[in-house]
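Student: Numbering (the working numbering), first residue to last: 117 to 433.
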Ligand SMILES: Cc1ncc(COP(=O)(O)O)c(C=O)c1O
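1) Residue 309 and residue 347 look like a contact to me (Cβ under 8 Å); what is the Cβ gap, rounded to whole Å?
2) At a cut-off of 8 Å, is residue 289 close to ligand 1 when judged by its beta-carbon and the heavy atoms of the ligand?
3) On a Cα-Cα basis, can you pick out the residue from 424, 253, 427 and 414 that is closest to residue 145?
4) For the stretch 133–147 and the stretch 407–425, state whether three or more C-beta atom pairs, one from each stretch, are separated by less than 8 Å.
5) Which residues share a DSSP beta bridge with residue 315?
6) At what residues does the beta strand (DSSP E) containing residue 329 begin and finish?
7) Any idea what DSSP makes of residue 433, helix, strand or coil?
8) Comparing alpha-carbon positions, which option in 189, 122, 139 and 287 lies nearest residue 130?
9) Who are the Cβ neighbours of residue 364 in its own chain at under 8 Å, not counting the five residues just before and after it?
10) Do you know offhand how far residue 260's Cα is from residue 187's?
11) Rounded to a whole number of angstroms, what is the C-alpha to C-alpha distance between residue 433 and residue 229?
12) With a threshold of 16 other CB atoms inside 10 Å of the CB of residue 421, please say whether the residue is buried or exposed.
13) Just curious, the alpha helix (DSSP H) that residue 216 is in, first and last residue?
14) Nearer than 8 Å: is that true of the beta carbon of residue 156 relative to any heavy atom of ligand 1?
15) Opposite residue 201 in the DSSP bridges: which residues?
16) If you draw a straight line from the alpha carbon of residue 290 to that of residue 241, how long is it in whole angstroms?
17) Output the boundary residues of the alpha helix (DSSP H) element that contains residue 158.
18) Considering only heavy atoms of ligand 1, does any lie closer than 8 Å to the CB of residue 263?
19) Does at least one heavy atom of ligand 1 sit under 8 Å from the Cβ of residue 283?
20) Could you check what DSSP says for residue 267 in three-state terms: helix, strand or coil?
21) From 125, 121 and 135, pick the residue whose C-alpha is nearest to that of residue 398; which is it?
22) So residue 176 packs on residue 257, CB below 8 Å; how close in whole Å?
23) From residue 424 to residue 171, what does the alpha carbon distance come to, in whole angstroms?
24) Assuming residue 161 contacts residue 182 (C-beta within less than 8 Å), just tell me the rounded distance between them.
25) What is the DSSP secondary structure of residue 279, reduced to helix, strand or coil?
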């Protein structure tokens with residue numbers, strides 16, 4: 117199973133801040149791979165779709181918030197690969213649908229809404245049973261594609277970038293929600309390389325435990341792993357900007373300037389926060405002279421449309 121992809125370009129960032137720090141800065145533009153199923157989404161979905169096909173499921177069911185990149189990508193991937201899709205959305209239905217959910221419906225996804233209390237039970241056997249009873253045999257993909265299939269796909273993200281660059285980067289930086297992507301990256305690095313994750317949620321330190329358990333469970337499974345022990349990884353929790361999907365003028369201005377200077381659009385929920393964090397750490401001398409950094413552009417740009425609409429509404433009040 118494969119999508120027709122553009123190979124993700126590796127783009128060097130010629131920034132005065134990086135030059136001053138003596139650091140080489142590259143971005144892996146996963147956002148450019150495919151118009152709809154891009155970023156880390158394809159990697160988290162790929163082995164889930166394969167397992168669903170192998171087991172002869174015809175329907176995928178997954179979970180997400182109303183602006184979820186994962187819902188958007190699953191709807192499109194399901195349509196491309198001939199699955200029926202059901203999106204279980206957190207909270208109440210709001211009409212008209214926002215651009216994310218509107219796109220999902222256009223791709224053929226059936227939307228179902230769960231109140232927040234029920235939604236919290238999304239990973240419990242009781243809710244799974246309820247959903248199976250309501251919708252029949254469905255292949256369930258957890259929120260954000262966060263399972264071992266998702267980790268497996270993410271072990272494949274940077275191999276090409278290393279081949280294109282002709283050398284291994286010292287640090288791989290990634291925005292972090294469920295930490296599935298980080299876990300896959302950590303499993304695919306050589307000794308001496310380090311994965312650095314920037315949680316976009318407030319108090320993201322709890323993710324350390326999540327990462328440990330994803331890595332332990334992955335290595336205990338029979339899924340293939342490039343290396344038998346994960347590379348070192350680190351969480352940097354200071355760049356959440358108030359929490360998930362929270363932004364301020366400084367972040368918006370940074371995104372705008374970064375796009376103007378380097379031609380790289382950033383999404384406000386994930387990549388803008390990580391890029392801001394990296395540039396700030398460069399100014400603080402966090403990295404050594406001679407270090408090379410690879411920043412993963414994990415996509416998510418579809419979410420900017422909805423976010424910009426609500427920011428505009430907010431500024432008109
Ligand atoms: C654009 C984008 N970047 C980064 C992430 C974080 O990935 P993960 O949940 O694997 O930590 C997500 C969430 O899936 C995302 O949508």
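Backbone N, C-alpha and C fix where the C-beta goes; we use that ideal spot for every residue, glycine too.
Tutor: By the coordinates alone:
1) 5 Å
2) no
3) 414
4) yes
5) 292
6) It is not in any beta strand (DSSP E) - residue 329 instead sits in the alpha helix (DSSP H) that spans 323–336.
7) With a pLDDT of only 45 at residue 433, under 50, the local geometry of the prediction cannot be trusted, and the value read off the model is given with reservation. Three-state result, residue 433: coil.
8) 139
9) 357 and 358
10) 8 Å
11) For residue 433, the predicted model reports a pLDDT of 45, less than 50, meaning its position is unreliable and no value from the coordinates is stated.
12) exposed
13) 215–222
14) yes
15) 176
16) 31 Å
17) 157–170
18) no
19) no
20) helix
21) 135
22) 6 Å
23) 40 Å
24) No, residue 161 and residue 182 are not in contact; Cβ-Cβ is about 20 Å, not under 8 Å.
25) helix
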